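These protein sequences, in sequence, are chains Y and S.
Just so you know, the first sequence maps onto residues 662 to 774 in my numbering.
Just so you know, the second sequence maps onto residues 1144 to 1293 in my numbering.
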Amino acid sequence: MGEYQSDRLDGVFNALCDPTRRAILARLTDADARVTDIAGDFPISLNSISKHIRMLERAGLLRRSIVGRDHVLTLNAEPLAEAQLWIEKYRRFWEGRLAALDAFVTNKKRNRK
Amino acid sequence: MNAAVPLSPAAVVVRRTIAAPAEDIFDAWLDPQALAEWMRPGSVRSTVARVEARVGGSYEIIMQIESGPVVHRGVYRIVDRPRRLSFTWKTEFTENQETLVTVDFIRQGLRTEVIVTHEQLPESAMDSHRNGWTSGLQHLDEACQKGLIG
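This is the structure in C-alpha cells:
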C-alpha cells in the first residue's frame, strides 16, 4: 500500500475513532441532512458539531453543499472503501483457504467412494 | 438518539457451505497432512504443518514462498469436535501480533456451513505509533463498514 493511501487511511480512521462522528455518519447513511438538523440530534453545542463535521469533511467522508441558507451534508463512502482495503487482505486469505478446504474435503470424499 | 454505533473489535467473517460432514471438515483443520494440502495459497510452493491437537497445544504452519518461509504459529483455545475450533494466529501478515481465529461448523443436512471469524486484527497495521486513534479503530468492525459502505 502506497504512502499516499496510508496517509488518507489515517485521516479516515482518525475521523472514525469518535462516537459522535460515527453517529453523524450513521445518520447520513439514511438520508442527507442539514447541519442544523444534525446539531439538533446531539446534546452538544452547534460549535462542537461543526468541528466534528469539519473533521469528517477533511477526511473526505462527507460533502457539504450550500442550498440557499442551508448547509446540506451528504455521506461520501468512497474513503471507507479504501479503509476496507487493509481488512480485505484477511478476507481474501480466508476465502481462498475455505475454497481450497472445500476442494480438499469433497475430493477426498469422492476418492473414498 | 443513541450517539454510539454499536461496534466490536476489528474482525473478518468468511462463510462457505461445503458438501461434506462436519467431522470430515473439522478434522482437515487438525490433520498436518490435510493442512499441507489446503493451507497453500497460490503463491506458496509447499506447506508443512505441525499440530498438537488439544486445548493449550500449539501448531505451526510453514508456507514456502519464493522469498522464503512464512511461519504461522498459535495455540488452540477451543477444540470442540465437530462444532468449534479456536486458535491464536500470528504471522508476519498480522504484523507478528497475536490474533484470534474461530471456526464454527454448522450442520445443514448433508452439508456443513463453515464460518471463519478472524478477530483482533492488527489495526495498527497502518501506523503503530499514533495511539490516539488506534483505540477507536479497534472498534471499527465489519458491520459498521457494511452499514456505511452498503
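Idealized CB from N, CA, C, for every residue including glycine.
Every value quoted in this text rests on a predicted model; they were computed, and no experiment measured them.
Is the CB of residue i under 8 Å away from at least one CB in chain Y?
{"i": "S:D1223", "result": "no"}
{"i": "S:Q1207", "result": "no"}
{"i": "S:S1271", "result": "Residue confidence for S:S1271 is low, a pLDDT of 31 falling below 50, so the modelled location carries little weight; the figure read from the coordinates is stated next. So, not an interface residue."}
{"i": "S:I1168", "result": "yes"}
{"i": "S:L1264", "result": "yes"}
{"i": "S:R1159", "result": "yes"}
{"i": "S:A1163", "result": "yes"}
{"i": "S:H1261", "result": "yes"}
{"i": "S:P1175", "result": "no"}
{"i": "S:S1267", "result": "Note that S:S1267 scores 46 on pLDDT, short of 50, meaning its location in the model is unreliable and no value can be drawn from it."}
{"i": "S:V1214", "result": "no"}
{"i": "S:E1180", "result": "yes"}
{"i": "S:A1192", "result": "no"}
{"i": "S:V1155", "result": "yes"}
I'd like to know whether the C-beta of residue i is nearer than 8 Å to at least one C-beta of chain S.
{"i": "Y:L707", "result": "no"}
{"i": "Y:V766", "result": "yes"}
{"i": "Y:E756", "result": "yes"}
{"i": "Y:D691", "result": "no"}
{"i": "Y:R725", "result": "no"}
{"i": "Y:R695", "result": "no"}
{"i": "Y:A761", "result": "yes"}
{"i": "Y:N772", "result": "no"}
How close, in whole Å, do the beta carbons of residue i and residue j come, if the pair is a contact with beta carbons under 8 Å?
{"i": "Y:A694", "j": "Y:L734", "result": "6 Å"}
{"i": "Y:E759", "j": "S:V1157", "result": "A small fix is needed here, since residue 759 of chain Y is Leu in this sequence, not Glu. Going by Cβ atoms, the distance from Y:L759 to S:V1157 rounds to 6 Å, so yes, they are a contact pair."}
{"i": "S:V1213", "j": "S:T1231", "result": "Not quite, the Cβ-Cβ distance comes to about 17 Å (not below 8 Å), so this is no contact."}
Which one of the options has the shortest CA to CA distance from residue i?
{"i": "S:I1205", "options": "S:E1235, S:T1245, S:A1163", "result": "S:E1235"}
{"i": "Y:R730", "options": "Y:V696, Y:P704, Y:I714", "result": "Y:V696"}
{"i": "S:Y1202", "options": "S:P1225, S:Q1176, S:G1211", "result": "S:Q1176"}
{"i": "Y:R753", "options": "S:I1168, S:E1180, S:P1184, S:L1173", "result": "S:P1184"}
{"i": "S:N1239", "options": "S:I1258, S:V1194, S:R1216, S:R1226", "result": "S:R1216"}
{"i": "S:V1257", "options": "S:V1155, S:R1226, S:A1179, S:E1209", "result": "S:R1226"}
For residue i versus residue j, is the C-beta distance shorter than 8 Å?
{"i": "S:L1264", "j": "S:V1246", "result": "no"}
{"i": "S:T1255", "j": "S:A1192", "result": "no"}
{"i": "Y:V766", "j": "Y:A720", "result": "no"}
{"i": "S:Q1251", "j": "S:T1160", "result": "yes"}
{"i": "Y:D702", "j": "Y:R688", "result": "yes"}
Looking at the ligand MG, does it come within less than 7 Å of residue i, judged from the CB to the closest heavy atom?
{"i": "S:D1170", "result": "Among the components of this structure there are no ligands whatsoever, and the ligand MG is therefore not found."}
In chain order, which beta strand (DSSP E) runs of at least 3 residues are fully inside the stretch 1245-1269 of chain S? Listed in chain order, they are 1254-1262.
Could you pull out every unbroken beta strand (DSSP E) segment of at least 3 residues lying fully inside the stretch 1155-1185 of chain S, listed in chain order? You should have found no qualifying run.
Please give me, in chain order, every unbroken run of the alpha helix (DSSP H) with length at least 4 that falls completely inside the stretch 667-745 of chain Y. If one requires a minimum length of 4 residues, the alpha helix (DSSP H) runs lying completely within the stretch 667-745 of chain Y are 680-691, 696-702, 707-719, in chain order.
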